[in-house]
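S.K.:
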Amino acid sequence: MMFSVACAVDLNLPLDTATSNGAHYHRIARAAMFLSNSLGEPNVECVMALFYDVWYVCGFSETKDTSAARGIMGLAVTLAQKLSLRTFSYLSPCHSNIDTEVECR
290 MMFSVACAVD
300 LNLPLDTATS
310 NGAHYHRIAR
320 AAMFLSNSLG
330 EPNVECVMAL
340 FYDVWYVCGF
350 SETKDTSAAR
360 GIMGLAVTLA
370 QKLSLRTFSY
380 LSPCHSNIDT
390 EVECR
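In my numbering, the protein residues as written are 290 to 394.
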């Protein structure tokens with residue numbers, strides 16, 4: 290996903306080359322992500338790859354398919370919630386002193 294975004298924002302490449310290379314890397318990354326078992330056993334890297342996928346589809350893709358982007362974003366949010374990435378301890382170190390008992394409530 291990072292290569293597809295990098296091709297899209299590289300100003301040194303001609304526009305048609307950047308678009309075709311970005312689309313090629315995007316297809317390869319999407320196929321690799323869904324062929325792996327990252328959806329059955331989610332991890333942070335999978336969630337980040339889905340966010341970059343949405344970023345590429347909304348910002349740099351020729352089709353700009355917003356319905357697909359919304360579906361992928363919903364999947365990313367669901368996986369992030371499964372991993373408990375919504376808690377404050379991941380966002381800021383000042384909230385890391387919350388007791389686990391209080392956090393469970």
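Heads up, the beta-carbon is just placed ideally off N, CA and C, and yes, glycines get one too. If you're wondering where the values come from, they're calculated on a predicted model, not measured in any experiment.
For A374, I'd like the list of residues in its chain whose CB is within less than 8 Å of its CB, leaving aside the five on either flank, ordered along the chain.
M.R.: The sequence given here places Leu at residue 374; Ala does not occur at that position. Closer than 8 Å at the Cβ level, and outside the excluded window around L374, lie V333 and V336.
S.K.: Rank G348, I317, A365 and A312 by C-alpha distance to the C-alpha of F340 and give the top, closest one.
M.R.: The candidate whose alpha carbon is nearest that of F340 is A365.
S.K.: Quick one: what does DSSP say T306 is sitting in, helix, strand or coil?
M.R.: T306: helix per DSSP, three-state reduction.
S.K.: Please list the terminal residues of the continuous alpha helix (DSSP H) segment that includes M362.
M.R.: Here the alpha helix (DSSP H) through M362 covers T355 to K371.
S.K.: Here's a check: name, in chain order, each residue in its chain whose Cβ is nearer than 7 Å to the Cβ of W344, leaving out the five neighbours to either side.
M.R.: Within the same chain, W344 has close Cβ partners V294.
S.K.: Do A338 and M362 count as a contact pair if the criterion is CB distance below 7 Å?
M.R.: Cβ atoms of M362 and A338: not closer than 7 Å.
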